[in-house]
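Taking it in order: structure first as structure tokens, then the write-up.
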Amino acid sequence: MAISLDFKGKVVVVVGGTSGINRGIAELFAAQGARVAVASRRQKKVDETVDSLQRLGADAIGFTADVREPKELESGLEEVHQKFGDFDVVVSGAAGNFPSLANDLSWNGFKSVVDIDLRGTFHVMKAVFPRLRKPGASVINISAPQAFLPMKAQVHVCAAKAGVDMITRTLALEWGASGVRVNSIVPGPIDGTEGMARLAPDEKSRKSAIRGVPLGRFGTPVDIGNACLFLASDLGSYISGAIIPVDGGWSQNNCGMMSEHLGMMMERKA
């Protein structure tokens, strides 16, 4: 039986889809014929992304919402649902990150990352469920290696992303009866992203990071988008509750070196 990655006419919602990894994901689905909706906090970024997707020939719309505000999500997602219908694919990728040793991390700094990454993911999940195609929808949370690998200067991210992966696994249990699959993708070092710029801000740290990637290169948003296409397609129809690293083998080899680098970087700042 031939299986296609053609998403023509399918409805794909990418939360956080106006920059970096998430924008790359939105562009790949658009290239496969999907009707794409993107969400972000900033109207300018939403407008720019929608315009870019439409120039590529995609049927694309967008809305502004802060994942920390459930009512904003509900309103924006309902607009998408009214225009496009039930969601076939949802990618939840809003995230916040900055390096800080635990002793130097403010109460508000910890809270802000948990609010965006963990609470924000739950808000997205709760808001999209009534609007998913049942059966058949695929939900993908964008996680991070900090979810299962402790790193210095990342206590806030480690805690938040571990929670995101447990949301994924729990909802795979709860939503399976509705024919909805839920998975997490765990990107490794992805070139050209804000997160990579923060965690490896200079050439020395970039060289250190790339030495630990067994495949010998940084990833790209397209690499993560390809994994999303696979999970959302019929090829991934029996995959649910999975936490899937897409990192060139990096998480098997070098997270310890990254942890030490971040720790030393923060200690030098102190």
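Each position in the sequence shown, counted from 1, maps to that position plus 766 in the numbering used here. Quick reminder that beta carbons are idealized off the backbone N, C-alpha and C, glycines included.
Should aspartate 852 be labelled buried (16 or more other beta-carbon atoms within 10 Å of its own) or exposed?
exposed
Please classify serine 806: does DSSP put it in a helix, a strand, or coil?
strand
Buried or exposed: where does threonine 959 fall if 16 or more other Cβ atoms within 10 Å of its Cβ makes it buried?
buried
Serine 878, DSSP secondary structure in three states:
helix
Apart from the five residues on each side of it in sequence, which residues of its chain come closer than 7 Å, Cβ to Cβ, to serine 1006?
Ala938, Gly942, Arg947, Val948 and Asn949
Identify which residue in Ala926, Val979, Val921 and Lys837 has its Cα closest to the Cα of alanine 861.
Ala926
Are at least three pairs of beta-carbons, each pair with one atom in the region 830-847 and one in the region 880-889, less than 8 Å apart?
yes
Identify which residue in Lys900, Ala903, Arg899 and His922 has its Cα closest to the Cα of alanine 910.
His922
Secondary structure at alanine 796, three-state DSSP: helix, strand or coil?
helix
Unbroken beta strand (DSSP E) runs of length 3 or more, entirely within the region 917-997: which are they?
947-953
Apart from the five residues just before and just after arginine 801, which ones in its own chain have a Cβ nearer than 6 Å to its Cβ?
Val777, Asp825 and Phe850
Can you tell me whether DSSP reads proline 911 as helix, strand or coil?
helix
Determine the closest residue to asparagine 907 out of Ile1010, Lys774 and Val812, with distance taken between C-alpha atoms.
Ile1010
Excluding sequence positions up to five away, which residues of its chain have a Cβ less than 7 Å from the Cβ of leucine 771?
Gln798, Leu995 and Ser999
Tell me whether alanine 826 sits in a helix, a strand or coil according to DSSP, three-state version.
strand
In the DSSP assignment, find the beta strand (DSSP E) that holds proline 1011 and state where it starts and stops.
1009-1012
Would you check if the distance between the CB atom of glycine 954 and the CB atom of valine 1012 is smaller than 8 Å?
yes
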